[in-house]
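Numbering (full-length UniProt numbering), first residue to last: 1 to 575.
Ideal placement from N, C-alpha and C gives every residue a C-beta, glycine not left out.
Structure, as structure tokens:
And the structure:
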């Protein structure tokens, strides 16, 4: 009975009631699932829109045939789960699903990163970037609804380990001639598999291992995808390593031999310790996506290298050179704050998505003078070490319609993120000018006192403040009161999920009155001894219980709206 209820719940009453024969047929399908919960869920989801009895009869035949045909080839559940895979609408969605098994078990895959890969692989048929992105998000929604992917956070998905095993089974055994994956991700390898095993492989994943060297020259003319990221011990790749993989579309790490990869369309070296982009990479004339995210030691990018990637559509340089930006040599486009880099970006006529790190306010002003670049920018990292700017006009950010992430670091002289509220309302005729902004990080800005501009960011999901010695209020009641017509219409942080407040010794207020916090998942407070009251009352977080992390002494000193609020939030606190 419990199995039937689980299956029934995933099919839905509307489908079960759409034909008088379906309930009996559905009970037969549920029995074919053998009492396995994952099969009951995924097959139930696959049948949720089949409202004709004949479709259910065919499904029973397919399940029985699959169980018979693949008997002994895999675990009992694989043929059952394969029914959900076969039920996907088209081969594009199936290819996108199977691609996910290249990632390690339980690995949280960033949605935009995955869609970048799908575009680079040519899975998505839309000709323009935004159309392809939308198609990618639609496919992700389809796979989540089918329970073939799980949504971890709003911007991450992962594969259930059994679903992943089934996908590997399909790619390496059932559809080997068509797919032929070799997946060794997260396998604890210290050496790569023998290159002879690669000969007919089309997609190979060695990510998240302890591989130190890649020697030998593999002969694999069909290899189009290679994952070797998160091999943190990897120091050497033989220069001839890439010579015999002419079809490669996705790669990582940079021996000079990589310049021979004329077909390469997506190069992802994010989260690596690379310090220089070799000039020889200018030969990668077909490159469409370059991901340099969080290459924190990278500071040498030769002049006229980026501009050679004339087909580039996506450039991700968020936190590039974070730890070494201001040590960039004079012949690097990062020298002087990134002004030369911006000039090179202006020549990339196909550029559609841009994440950027800049080292000066002047470079930011140059960026903001270009309508082309303003329309592309998604993430912005301002590394203001040695910059003497005391006031940044945040009003200008209102023109960045796609800005999703903002980080300001090391602004030792920065006193104010100024915003002209009257001008914004006059131009926009509506208050929420930072609608796309979801993640904000401010760190080591020792003279900054507030972040009142965030009241105009209604979709903010994550706010992280670190080591800002003068920060007194996050939202200043005095500044907010300058626009009294706004005060009754705006309730900040309505969509906030994560709030991190660390080393803010002068912080006294997040907001001057209680907030609903209907989406908050986690609040962490450390080194904020003056913060004696949180914006909470008995009506806050009614629909959701979140975690408050902090020091016990700080927690015990907190003042509350009333005793009921204190009692209500006591169970939220963790040290």
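Determine the closest residue to residue i out of the options, with distance taken between C-alpha atoms.
i           : options               : result
residue 98  : 78, 179, 34 and 37    : 179
residue 121 : 467, 143 and 95       : 95
residue 481 : 421, 528 and 526      : 421
residue 548 : 200, 309 and 522      : 522
residue 338 : 401, 533, 382 and 323 : 382
residue 85  : 149, 294, 402 and 505 : 149
residue 504 : 532, 93, 214 and 105  : 532
residue 192 : 309, 206 and 59       : 206
residue 100 : 161, 507 and 153      : 161
residue 308 : 442, 288, 169 and 329 : 288
residue 365 : 513, 355, 396 and 356 : 396
residue 414 : 318, 451 and 137      : 451
residue 215 : 232, 231 and 195      : 195
residue 78  : 136, 59 and 170       : 170
residue 358 : 441, 319 and 175      : 319
residue 497 : 479, 509 and 516      : 516
residue 479 : 463, 419 and 335      : 419
Express the C-alpha separation of residue j and residue i in angstroms, rounding to a whole number.
i           : j           : result
residue 373 : residue 379 : 12 Å
residue 370 : residue 349 : 13 Å
residue 542 : residue 459 : 20 Å
residue 519 : residue 61  : 45 Å
residue 151 : residue 108 : 9 Å
residue 224 : residue 202 : 6 Å
residue 555 : residue 524 : 11 Å
residue 331 : residue 353 : 25 Å
residue 111 : residue 134 : 12 Å
residue 315 : residue 28  : 52 Å
residue 568 : residue 129 : 47 Å
residue 392 : residue 351 : 27 Å
residue 376 : residue 200 : 39 Å
residue 165 : residue 461 : 33 Å
residue 1   : residue 405 : 48 Å
residue 321 : residue 363 : 15 Å
residue 491 : residue 514 : 10 Å
residue 386 : residue 293 : 23 Å
residue 73  : residue 187 : Residue placement at residue 73 is flagged as unreliable, the pLDDT there being 46, under the threshold of 50; the coordinate-derived value follows with that caveat. For residue 73 and residue 187, the distance between alpha carbons rounds to 22 Å.
residue 572 : residue 81  : 39 Å
residue 546 : residue 499 : 11 Å
So with Cβ pairs under 8 Å, would you call residue i a contact of chain B?
i           : result
residue 121 : Given the protein chain composition of this structure (a single chain), no chain B is represented.
Throw me the rounded Cβ distance for the residue i and residue j pair, which I believe falls under 8 Å.
i           : j           : result
residue 25  : residue 56  : 4 Å
residue 408 : residue 437 : About 13 Å separates the two Cβ atoms, so there is no contact after all.
residue 284 : residue 267 : 7 Å
residue 286 : residue 313 : Residue 286 to residue 313, Cβ: 11 Å. No contact.
residue 146 : residue 213 : Their Cβ separation, rounded to whole angstroms, is 40 Å, which puts residue 146 and residue 213 out of contact at 8 Å.
residue 317 : residue 356 : 5 Å
residue 417 : residue 440 : Rounded, the Cβ-Cβ distance is 10 Å, inconsistent with contact.
Might you give, ordered along the chain, the residues of its own chain that have their beta carbon closer than 8 Å to the beta carbon of residue i, omitting 5 neighbours on each side?
i           : result
residue 333 : 301, 302, 303, 305, 306, 340, 341 and 344
residue 64  : 32
residue 564 : 538
residue 89  : 142
residue 444 : 409, 410, 411, 412, 466, 467 and 468
residue 53  : 19, 21, 22 and 25
residue 185 : 102, 103, 104, 105, 107, 205, 206, 207, 208, 209 and 227
residue 40  : 3, 6, 7, 10, 30 and 33
residue 15  : 22, 47, 48, 49, 50 and 51
residue 157 : 100, 108, 109, 111, 114, 140, 143, 144, 149, 150 and 151
residue 252 : At residue 252, the pLDDT of 42 sits below 50, so the modelled position is not reliable; the number obtained from the coordinates is stated separately. Cβ within range, chain order: 226, 227, 228, 229, 267, 268, 269 and 272.
residue 275 : 297, 298, 299, 300 and 324
residue 448 : 411, 414, 415, 416, 417, 442, 468, 470 and 471
Got a sec? Which residues, its chain only, sit under 6 Å from residue i by beta carbon, not counting five neighbours each side?
i           : result
residue 561 : 537
residue 511 : 475 and 535
residue 119 : 132
residue 44  : 7, 10 and 11
residue 168 : 101 and 183
residue 575 : 552
residue 190 : 210
Got a sec? Which residues, its chain only, sit under 7 Å from residue i by beta carbon, not counting five neighbours each side?
i           : result
residue 558 : 532, 533 and 534
residue 507 : 471, 472, 501, 528, 530 and 531
residue 446 : 412, 468, 469 and 470
residue 540 : 514, 515, 516 and 517
residue 17  : none
For this session: Enumerate, from N- to C-terminal direction, the unbroken alpha helix (DSSP H) stretches of 4 or more residues contained entirely within the region 325-363.
Result: 339-345
For this session: With a floor of 4 residues, list each alpha helix (DSSP H) that falls wholly inside the region 156-180, ordered by position along the chain.
Result: 161-169
For this session: Please list the segments of the alpha helix (DSSP H) lying wholly inside the region 273-299, counting only runs of 4 or more residues, in order along the chain.
Result: The region 273-299 contains no whole alpha helix (DSSP H) run of 4 or more residues.
Exercise. Can you list, in chain order, the stretches of the alpha helix (DSSP H) that have 4 or more residues and sit fully within the region 375-438?
Worked result: 421-428
Problem set entry | Ranges of the alpha helix (DSSP H) found wholly within the region 458-533, counting only runs of at least 4 | For the region 458-533, whole alpha helix (DSSP H) runs of length 4 or above, ordered along the chain, are 477-480 and 484-487.
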